[in-house]
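**Q** Residue numbers (our numbering), protein chains in the order written: chain A, 7 to 793; chain B, 3 to 292.
For glycine and all other residues, C-beta sits at the position ideal for the given N, C-alpha and C.
Keep in mind the model is a prediction, meaning the values are calculated, not measured.
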Amino acid sequence: MSTDTSERLFGASVNRREDARFLTGRGLYTDDVKMHGTTHAVFVRSPHAHARVRSIDAAAARAHAGVRAVFTGQDLATGGVQPLPVAWLLPNLKIGERRALVTDVVRYAGEAVAVVIADTLQAADDAAELVNVDYEVLPAVVDAERAIGGAVAVHPGAPDNVAFEWTIGDAEATNAAFAKADRVVKQRLLNRRLIANAIEPRATHASYSPASDEYTVYVTSQNPHVHRLLMAAFVLGIPEHKLRVIAPDVGGAFGSKIFVYPEEVVAAWASKAIGRPVKWTAERRESFLTDMHGRDHVTDAEIALDADGRILGLRVDTIANLGAHVSLFGPSVPTYLYATLLSGQYTIGAIHCRVRGVHTHTTPVDAYRGAGRPEACFVVERMVDLAAKELGIDPVEIRRRNFIAPDQFPYQTPVALTYDSGNYPVAMQRALEMAGYDALRTEQAEARRQGRYMGIGISSYIEACGLAPSQVAGALGAQAGLWESATVRVHPTGKVTVFTGSHSHGQGHETTFAQVAADALGIAMDDVEVVHGDTGRVPFGMGSYGSRSGAVGGSAIHMSIEKLKEKGKRLAAHLLEAAPEDMEFEGGKFFVRGSPDRTKGFAEIALAAYLAHSMPAGMEPGLDATSFYDPSNFTYPFGTHIAVVDIDGDTGKPTLRRYIAVDDVGNVINPKIVDGQLHGGIVQGIAQALWECAIYDDQGQLLTGSLMEYGVPKADQLPSFETDRTVTPSPVNPLGVKGAGEAGSIAAPAAVANAVIDALAPFGVRHLDMPLTPATIWQAMQGAPGR
Amino acid sequence: MYATKFQYHAPQTIDEAVHLLAQHGDQAKVIAGGHSLIPLMKLRFAQPAHLVDVRRIPGLTEIRETADAISIGARVTHRTVERSELVTRRLPALSDAAALIGDPLVRNRGTIGGSLAHADPSADLPAVMLAYDAEIVAVGPAGARTIRAGDFFIGLMTTTLHPDELLTEIRIAVPPPRTGGAYEKHPHPASRFAIVGVAAVVTLEASDRVGSARIGITGVGPAASRVTEVERALTGKVPDAGVIAKAAGRITEGLDVRDDLQGPAAYKRHLASVHARRAIERAVERARQP
Numbered sequence: 007m008s009t010d011t012s013e014r015l016f017g018a019s020v021n022r023r024e025d026a027r028f029l030t031g032r033g034l035y036t037d038d039v040k041m042h043g044t045t046h047a048v049f050v051r052s053p054h055a056h057a058r059v060r061s062i063d064a065a066a067a068r069a070h071a072g073v074r075a076v077f078t079g080q081d082l083a084t085g086g087v088q089p090l091p092v093a094w095l096l097p098n099l100k101i102g103e104r105r106a107l108v109t110d111v112v113r114y115a116g117e118a119v120a121v122v123i124a125d126t127l128q129a130a131d132d133a134a135e136l137v138n139v140d141y142e143v144l145p146a147v148v149d150a151e152r153a154i155g156g157a158v159a160v161h162p163g164a165p166d167n168v169a170f171e172w173t174i175g176d177a178e179a180t181n182a183a184f185a186k187a188d189r190v191v192k193q194r195l196l197n198r199r200l201i202a203n204a205i206e207p208r209a210t211h212a213s214y215s216p217a218s219d220e221y222t223v224y225v226t227s228q229n230p231h232v233h234r235l236l237m238a239a240f241v242l243g244i245p246e247h248k249l250r251v252i253a254p255d256v257g258g259a260f261g262s263k264i265f266v267y268p269e270e271v272v273a274a275w276a277s278k279a280i281g282r283p284v285k286w287t288a289e290r291r292e293s294f295l296t297d298m299h300g301r302d303h304v305t306d307a308e309i310a311l312d313a314d315g316r317i318l319g320l321r322v323d324t325i326a327n328l329g330a331h332v333s334l335f336g337p338s339v340p341t342y343l344y345a346t347l348l349s350g351q352y353t354i355g356a357i358h359c360r361v362r363g364v365h366t367h368t369t370p371v372d373a374y375r376g377a378g379r380p381e382a383c384f385v386v387e388r389m390v391d392l393a394a395k396e397l398g399i400d401p402v403e404i405r406r407r408n409f410i411a412p413d414q415f416p417y418q419t420p421v422a423l424t425y426d427s428g429n430y431p432v433a434m435q436r437a438l439e440m441a442g443y444d445a446l447r448t449e450q451a452e453a454r455r456q457g458r459y460m461g462i463g464i465s466s467y468i469e470a471c472g473l474a475p476s477q478v479a480g481a482l483g484a485q486a487g488l489w490e491s492a493t494v495r496v497h498p499t500g501k502v503t504v505f506t507g508s509h510s511h512g513q514g515h516e517t518t519f520a521q522v523a524a525d526a527l528g529i530a531m532d533d534v535e536v537v538h539g540d541t542g543r544v545p546f547g548m549g550s551y552g553s554r555s556g557a558v559g560g561s562a563i564h565m566s567i568e569k570l571k572e573k574g575k576r577l578a579a580h581l582l583e584a585a586p587e588d589m590e591f592e593g594g595k596f597f598v599r600g601s602p603d604r605t606k607g608f609a610e611i612a613l614a615a616y617l618a619h620s621m622p623a624g625m626e627p628g629l630d631a632t633s634f635y636d637p638s639n640f641t642y643p644f645g646t647h648i649a650v651v652d653i654d655g656d657t658g659k660p661t662l663r664r665y666i667a668v669d670d671v672g673n674v675i676n677p678k679i680v681d682g683q684l685h686g687g688i689v690q691g692i693a694q695a696l697w698e699c700a701i702y703d704d705q706g707q708l709l710t711g712s713l714m715e716y717g718v719p720k721a722d723q724l725p726s727f728e729t730d731r732t733v734t735p736s737p738v739n740p741l742g743v744k745g746a747g748e749a750g751s752i753a754a755p756a757a758v759a760n761a762v763i764d765a766l767a768p769f770g771v772r773h774l775d776m777p778l779t780p781a782t783i784w785q786a787m788q789g790a791p792g793r
Numbered sequence: 003m004y005a006t007k008f009q010y011h012a013p014q015t016i017d018e019a020v021h022l023l024a025q026h027g028d029q030a031k032v033i034a035g036g037h038s039l040i041p042l043m044k045l046r047f048a049q050p051a052h053l054v055d056v057r058r059i060p061g062l063t064e065i066r067e068t069a070d071a072i073s074i075g076a077r078v079t080h081r082t083v084e085r086s087e088l089v090t091r092r093l094p095a096l097s098d099a100a101a102l103i104g105d106p107l108v109r110n111r112g113t114i115g116g117s118l119a120h121a122d123p124s125a126d127l128p129a130v131m132l133a134y135d136a137e138i139v140a141v142g143p144a145g146a147r148t149i150r151a152g153d154f155f156i157g158l159m160t161t162t163l164h165p166d167e168l169l170t171e172i173r174i175a176v177p178p179p180r181t182g183g184a185y186e187k188h189p190h191p192a193s194r195f196a197i198v199g200v201a202a203v204v205t206l207e208a209s210d211r212v213g214s215a216r217i218g219i220t221g222v223g224p225a226a227s228r229v230t231e232v233e234r235a236l237t238g239k240v241p242d243a244g245v246i247a248k249a250a251g252r253i254t255e256g257l258d259v260r261d262d263l264q265g266p267a268a269y270k271r272h273l274a275s276v277h278a279r280r281a282i283e284r285a286v287e288r289a290r291q292p
């Protein structure tokens, strides 16, 4: 990479080209799709968390005006629809059957048992109320810890409700580290259940053409090709090339739109069965009940230290609530995406982690922004703070003493990963300077003397982005390659279309990928179009999740451009009667080294390639390249975030006064977009710390099933963030980028929790679990002596 | 979900609206801003067969001061209340409360009459109406009647408004000199309804003693209620910090406060006393302002 970024498009804060259409209501979302004869689906969902379906009487619904069909699980099974797949396998993973429509036993409240399809949504809504389902209500189990070996089994194939038990790290070495430790600190930590709440609810519009025997499925997907493969080959049993999946504009996802859900399967199958397009859009309450949930861990952690505060060992035992089914990537999130990050930014002698994935009668749990890494960061950063407190040293100092030093990269952790690059002390130092850390501590001491409670929380996070070398992923259980593809097509006029397998659902790829391409080709951004989200247009793709688009998808684009430049050089050399090895390409021009006046412009070469009137021997016409980029490693963004909170001593209400974030996401393609990504992630992380939490009652009813109960963050609850970056390019990929989409949600929960707990130190509070509500804080304040 | 089917009516006059209400009885619901009713209809918890839209009826959108009272039309939005100079000056507890309802979008559509008639147990305005001893004007087939706020809120989403009556106006007597009011609330982090909200209206005598105090609470219990224990504890006393704190401590006496997702009953009782203290302190402060 050139280091001169002053005039380059790569690194420029270009406004998002997507925004004009979004802000003026011209986006095309799945629910906007309407075809001739489109019908509307409404799902009949179980109100019970655990029940046997004795019978379904749909006669009245079928007789209702405007109703085209009512289908049950039995209809789909008879029609050959297979259970939903699991795409990440662990050793001895027990997978119970999960069907798009339940055939026998309902396992969470909201699971669909039938679908009503009608000419209007109103008719479908009305008729759905007429479907009479006879349920035999069964006892439910909701708490994962109690579910282990309890009386009620969610799936007969896992009678103790444990779907998997998995370990990582060296148990013996960890035991040895604890044996020689001067101090051991233990804590139970909860990471509660979250619900993604993308602004656009999930939706699908499926149609079938008898003329071509093809299905076209619009669906809110982060990975349309993955959707196509899984739906065609595993669920519907139709030829993959006869299914086109289009994920048009998608309004946020946060992981929740990775998965193949029952609704798109049913809509696709039904569109052929009834000979009409079928549309479904979730209501918000369906989003709460049926979008895959996130997190939900109970963790017992122990950290072993020497007398100087150096971390010798970490032992972690986690129960991950999987919900009612093993979701598509559910097994990977609390294992490989979690426990492999338990070394944090620190040199820890030995780590051992056991994870049990446990079924309960709740919505299945899978990836949600950060997916495993926020859970790991929370464990590490809370335990480090607890250790500092135990040893009486400042939280900054304990981090400093244990940071992996800049000269230790690449750094092999005790939990499988090799960190690519980093400079942790510098990022923390910058954050401390911005915060005015010492002055804050002075202010805190003064406030405490006056009976006011402020807290300062630090979170030095690591994350792993850019999933991943396919070979490694495969060895770990992924049933997919995790490369990315890109086709860069140069048109005869020199205009360029980039077809990327990444998918943008808020990330701004149409802007950033155009920047990458225009920058590399020395052409105007307006000459580059970015196409994504359509299996009919894009060759193949793995989609966007795990902050992988820039690192993996962007690198695939880079590779294709390199191929184009190579071909262009050979063609230009031919036309200029020069040797190909003497050709240079810069600023949109091919020229002979040393003779900058002997040039061919990019558009000239594009035209020459398509005219093909004069080509070097053996060269094919056209200028078009496809690449599949498979990274050699993850990338590892890092940084330090600092939160400053004030606690209302009367009510326990925490107010976030300041939030400082210094992130290192490697090279930055578009600072404005990266800022936006970080801000959004930080907001979701703060929300987890303070407000968001999915709560079930003992019968498996979701008590926080609407925006009136579930505390999504609002702008007026937040301070202006103070952000900066350090730049440590990733050596893994040619762009030197790392990933920015999840950093905030990984760092922020621990930063805010550490701040609140720090504020409560005068009350003898050692730890509190999120969400840190006023009631939780106030009760903690009452528990202390002297108040 | 789509609401169940209903007949939509758009009367041009109060009489016409009342006639429709009389005709359809409890099959009919009045709609203005729709911010309470429409969500219930979309969940099909409410399934009115007739909707009587009162937005075309002139004269329900004014705030004005008469010789002895401030009159607020039923269709005045929360935003208008919040921004009214007259309300801020005369009825600061009401302007406090209006500014804390929902968010700007809700306040721009939701109406004072709609909120009172809906009588959500966690709504802000009922506590304020009790503290100001407001009169609610209802027009029925037999003409208009006024209902004291204290007689209006009788249970969970239940008022003494008859199905054939239209709430048209809120009247609040112009408070005497040296009167201050304030509303303090602990909002639910998601809905922003009151986990607890307390409205206090205090009139000071020349001696600086409390001549009268009226306290309303919302968020705890099935309906907003007046708390006479606190009022009695203030009346006749110089409202110093100790007096106020002691009085505020009685805010949940006689109330059935329960544990819920927002915290245990003990916390909510405490929270109520904190907000009662803060509301009374600010009301007294405002009463002392010239």
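Have a look at histidine 511 of chain A and glycine 61 of chain B and give me their C-alpha separation to the nearest angstrom.
**A** 48 Å
**Q** Taking the continuous alpha helix (DSSP H) assigned at threonine 230 of chain B, which residues delimit it?
**A** 230-236 is the span of the alpha helix (DSSP H), which, as asked, contains threonine 230 of chain B.
**Q** Whether or not the stretch 262-280 of chain A and the stretch 567-577 of chain A are in contact is what I'm after, with contact meaning three or more pairs of Cβ atoms, one per stretch, closer than 8 Å; do they touch?
**A** Because the criterion of three Cβ pairs below 8 Å is not met, the stretch 567-577 of chain A and the stretch 262-280 of chain A do not touch.
**Q** Would a check of beta-carbon distances place alanine 615 of chain A closer than 7 Å to chain B?
**A** no
**Q** Would you grab the beta carbon distance between glycine 243 of chain A and glycine 86 of chain A for me? Rounded to a whole angstrom, and I think it's under 8 Å.
**A** 6 Å
**Q** When the distance is taken between beta carbons, is alanine 382 of chain A closer than 7 Å to leucine 348 of chain A?
**A** yes
**Q** Do aspartate 297 of chain A and serine 333 of chain A count as a contact pair if the criterion is CB distance below 7 Å?
**A** No; because the gap between Cβ atoms is not below 7 Å, this pair is not in contact.
**Q** Just the C-alpha distance for alanine 71 of chain A and valine 284 of chain A, rounded to the nearest angstrom, thanks.
**A** 17 Å
**Q** Spatial neighbours of alanine 239 of chain A within its chain, please: CB distance less than 7 Å, with the 5 preceding and 5 following residues excluded, ordered by chain position.
**A** Glu246
**Q** What does the Cβ neighbour count give for glycine 17 of chain A, buried or exposed, with the cut at 16 atoms within 10 Å?
**A** Under this definition glycine 17 of chain A is a buried residue.
**Q** Specify, as a first and last residue, the run of the alpha helix (DSSP H) that methionine 131 of chain B falls within.
**A** 127-133
**Q** For chain A, check one thing: does any of its Cβ atoms lie closer than 7 Å to the Cβ of proline 191 of chain B?
**A** yes
**Q** Since I believe alanine 249 of chain B is in contact with leucine 132 of chain B (beta carbons under 8 Å), could you give me their beta-carbon distance rounded to a whole number of angstroms?
**A** About 16 Å separates the two Cβ atoms, so there is no contact after all.
**Q** Count the CB pairs spanning the stretch 293-312 of chain A and the stretch 190-198 of chain A that are closer than 8 Å, and state whether there are at least three.
**A** yes
**Q** Compare the Cα-Cα distances from isoleucine 103 of chain B to each of B:Asp261, B:Pro94, B:Leu127 and report the closest residue.
**A** The residue with the shortest Cα to Cα distance from isoleucine 103 of chain B is B:Leu127.
**Q** For the pair the stretch 489-506 of chain A and the stretch 616-630 of chain A, tell me if three or more CB-CB distances fall below 8 Å.
**A** yes
**Q** Nearest CA to the CA of arginine 216 of chain B: which residue from B:Arg173, B:Ile282, B:His21, B:Leu158?
**A** B:Ile282
**Q** Would the stretch 484-493 of chain A and the stretch 355-366 of chain A be scored as touching if the rule is three or more Cβ pairs under 8 Å?
**A** no
**Q** Considering only DSSP beta bridges, list what serine 61 of chain A is partnered with.
**A** A:Asp140
**Q** Looking at chain B, which residues of the stretch 439-464 of chain A have a Cβ within less than 8 Å of any of its Cβ atoms?
**A** none
**Q** Of the choices A:Leu741, A:Val148, A:Met531, whose alpha-carbon is the least far from that of arginine 23 of chain A?
**A** Taking only the C-alpha atoms, the option nearest arginine 23 of chain A is A:Met531.
**Q** DSSP puts glutamate 572 of chain A in a beta bridge; with which residues?
**A** Glutamate 572 of chain A is not bridged to any residue.
**Q** Threonine 657 of chain A versus chain B: which residues are under 7 Å apart at the beta carbon?
**A** In chain order: His188, Leu273, Val276.
**Q** Could you give the distance in angstroms between the alpha-carbon of histidine 331 of chain A and the alpha-carbon of arginine 104 of chain A?
**A** 7 Å
**Q** Give the straight-line distance between the Cα atoms of proline 224 of chain B and lysine 659 of chain A, rounded to the nearest whole angstrom.
**A** Proline 224 of chain B and lysine 659 of chain A have their alpha carbons spaced roughly 25 Å apart.
**Q** Straight-line CA distance for glutamine 521 of chain A to glycine 336 of chain A?
**A** 34 Å
**Q** Closer than 7 Å, CB to CB, is alanine 781 of chain A near chain B or not?
**A** yes
**Q** Does glycine 182 of chain B pass the burial test, meaning 16 or more other C-beta atoms within 10 Å, or should it be called exposed?
**A** buried
**Q** Cα separation between valine 121 of chain A and lysine 44 of chain B?
**A** So the alpha carbons of these two residues sit roughly 19 Å apart.
**Q** Note the first and the last residue of the continuous beta strand (DSSP E) segment covering lysine 595 of chain A.
**A** For lysine 595 of chain A, the enclosing beta strand (DSSP E) stretches over residues 595-598.
**Q** What would DSSP say about lysine 744 of chain A, mapped onto helix, strand or coil?
**A** Three-state DSSP puts lysine 744 of chain A in coil, outside helix and strand.
**Q** Please look up how many angstroms separate the CB atoms of histidine 358 of chain A and valine 147 of chain A, rounded, as I've assumed it's under 8 Å.
**A** Going by Cβ atoms, the distance from histidine 358 of chain A to valine 147 of chain A rounds to 28 Å, so no, they are not a contact pair.
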